[in-house]
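Read the structure below first, then the notes.
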Amino acid sequence: MAEASTPAQHYIECDDCERNSAQFVCKTCSGYLCEECKIHHESRKLTRHHEITQLKTEKEELLGLLHCSEHKTKKLECFCDPCKKPVCTDCIVLTHNGHNIKTLLTAYEEIRDSLQRTLEVIECTFLPKYCELLRSEDQKDLELRNQANEIEKEIKTYTQNVVGRVMEISKHAIEKLRMEEEYGRQELQKSKIELSERMNILQQTREMLSATLEAKPDISYFNSIDVSFLREIKALPIQTFYQFDKFKPGQIVQMIKDNFGIFPKLRSSNTLCDRSERRSRERNHQLILNRCLLRQHDRCDGTIFGLCPELSQRRDAQIGTNRWKKKNIC
20 MAEASTPAQH YIECDDCERN SAQFVCKTCS GYLCEECKIH HESRKLTRHH
70 EITQLKTEKE ELLGLLHCSE HKTKKLECFC DPCKKPVCTD CIVLTHNGHN
120 IKTLLTAYEE IRDSLQRTLE VIECTFLPKY CELLRSEDQK DLELRNQANE
170 IEKEIKTYTQ NVVGRVMEIS KHAIEKLRME EEYGRQELQK SKIELSERMN
220 ILQQTREMLS ATLEAKPDIS YFNSIDVSFL REIKALPIQT FYQFDKFKPG
270 QIVQMIKDNF GIFPKLRSSN TLCDRSERRS RERNHQLILN RCLLRQHDRC
320 DGTIFGLCPE LSQRRDAQIG TNRWKKKNIC
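Each residue of the sequence shown is one higher than the one before, counting from 20 in this note's numbering.
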């Protein structure tokens, strides 16, 4: 028996032509027939005496047309409750003797009622609940995405603040470097002026001596020329060398990494950390980092940002290893 359906109605297909909708049933061979095939069924010699009745679509009446799968010529009559299967009279005698047997209609109605109750539970309880849970999951997915976006903005803003503080420290370090450079250049300029003055005196004296040597001897030739200043010039001035110490980067990168903040962790519990508590914790970490950066800003020669280059000068003698290294060179 084959059943087909359309969007508008349910119908049973004719078992003979397999095209038209069945309107009759042959109780003898349990076949469904359309009007045309019924006429042929009644006209054939082998089937003309079959009992053919009008097809009724009540499902209870259709039970009488079912045949046993083991005994093909026997119709199903009962239902074996322990074995949970429909049986014919031969099945009852051969394999189900003594079992609790009920009518096929009773078993059908019990199964139908059980399925109907299950269907109602699914439609009225489970499906609405799962639809509600699915909507809740969609909402939680949206909220989680929004939370991640908000935290990303906070991290970027926080990072920009940290970068700004580091740039201020860098600017201060460069300003101090240029101040040291300016001081060293001023000292070199003073030394250059002093050397130029002495060179001018030497050149003037040289010109005067050359003129005297080239001139014709007269009474003035015997006047002594004052060259006592040569004793002072003979002692060459102390030459000073200026150079910067190398820049020594500090541990600010590791410190920022250690104190950047507590990275958000995804938790699956039903309770979430209070937003104000989380923001307060983040502000505390930012204050700690800012204080460290401020201390570094006030003392640029510390070990956080780095050791700023200091200008050192070498003179003749090694006097000490403090800020100025002096070494005398004759």
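The beta carbon of each residue, even a glycine, is placed where N, CA and C say it ideally should be. Being a predicted model, the structure only gives us computed values, none of them experimental.
Check: Can the beta-carbon of K93 be found less than 8 angstroms from the beta-carbon of C107?; Outcome: yes
Check: What does a CB cutoff of less than 8 angstroms around E169 pick up in its chain, not counting 5 residues either side in sequence?; Outcome: none
Check: For N39 and C48, which I take to be in contact (beta-carbon distance under 8 angstroms), what is that distance rounded to the nearest angstrom?; Outcome: With a Cβ gap of about 18 angstroms, N39 and C48 do not count as contacting.
Check: Within the same chain, show all residues whose beta-carbon is closer than 6 angstroms to that of E200, passing over the 5 residues directly before and after it, in chain order.; Outcome: none
Check: Going by the DSSP bridge assignment, what does L52 pair with across the sheet?; Outcome: F43
Check: I want to know whether the segment 207-222 touches the segment 174-182 - three or more CB-CB distances under 8 angstroms.; Outcome: no
Check: Figure out for me which residue from R286, K276, R217, F279 has the closest Cα to the Cα of K253.; Outcome: R217
Check: Work out the CA separation of L196 and A230 for me, nearest whole Å.; Outcome: 50 angstroms
Check: Kindly indicate the opening and closing residues of the alpha helix (DSSP H) around K211.; Outcome: 146-233
Check: Who are the Cβ neighbours of A126 in its own chain at under 6 angstroms, not counting the five residues just before and after it?; Outcome: F98
Check: Can you tell which of K91, N119, V112, E171 has its C-alpha closest to the C-alpha of P283?; Outcome: E171
Check: Just verifying my parser: in three-state terms, what is the DSSP assignment at R342?; Outcome: Below a pLDDT of 50, predicted positions are generally treated as unreliable, and R342, at 35, falls in that range; the measurement from the model is reported next regardless. DSSP places R342 in coil when its eight states are reduced to three.
Check: Where do the ends of the beta strand (DSSP E) carrying C99 lie?; Outcome: 97-99
Check: Among the residues of its own chain, which have a CB less than 6 angstroms from the CB of C36, if the five just before and after it don't count?; Outcome: C56
Check: Assuming L82 and L124 are in contact, meaning their beta carbons sit under 8 angstroms apart, how far apart are those beta carbons, in whole angstroms?; Outcome: 6 angstroms
Check: Spell out the partners DSSP gives Q73 in its beta bridges.; Outcome: F43
Check: Can you tell me the Cα-Cα spacing of H68 and K91, whole angstroms?; Outcome: 20 angstroms
Check: Which of the three DSSP states, helix, strand or coil, is assigned to T122?; Outcome: strand
Check: Figure out for me which residue from R63, I58, D264 has the closest Cα to the Cα of T72.; Outcome: I58
Check: Determine the burial state of I70: buried for a count of at least 16 other Cβ atoms within 10 Å of its Cβ, exposed for fewer.; Outcome: What sits at residue 70 in the sequence shown is Glu, not Ile. It counts as exposed.
Check: Need the endpoints of the beta strand (DSSP E) that K104 sits in, please.; Outcome: 104-106
Check: What is the rounded straight-line gap between the Cα of E213 and the Cα of S243?; Outcome: 27 angstroms
Check: Exposed or buried, what is A192 when buried is set at 16 or more other beta-carbons lying within 10 Å of its beta-carbon?; Outcome: buried
Check: Since L84 contacts V44 with CB under 8 angstroms, what's their CB separation in whole angstroms?; Outcome: 6 angstroms
Check: So what's H86 in DSSP terms, helix, strand or just coil?; Outcome: strand
Check: Could you give the DSSP three-state label for D293: helix, strand or coil?; Outcome: With a pLDDT of only 48 at D293, under 50, the local geometry of the prediction cannot be trusted, and the value read off the model is given with reservation. Coil at D293, not helix or strand.
Check: If the criterion is Cβ atoms closer than 8 angstroms, does the pair N119 and P101 meet it?; Outcome: yes
Check: By how many angstroms is the C-alpha of I281 removed from the C-alpha of C150?; Outcome: 37 angstroms
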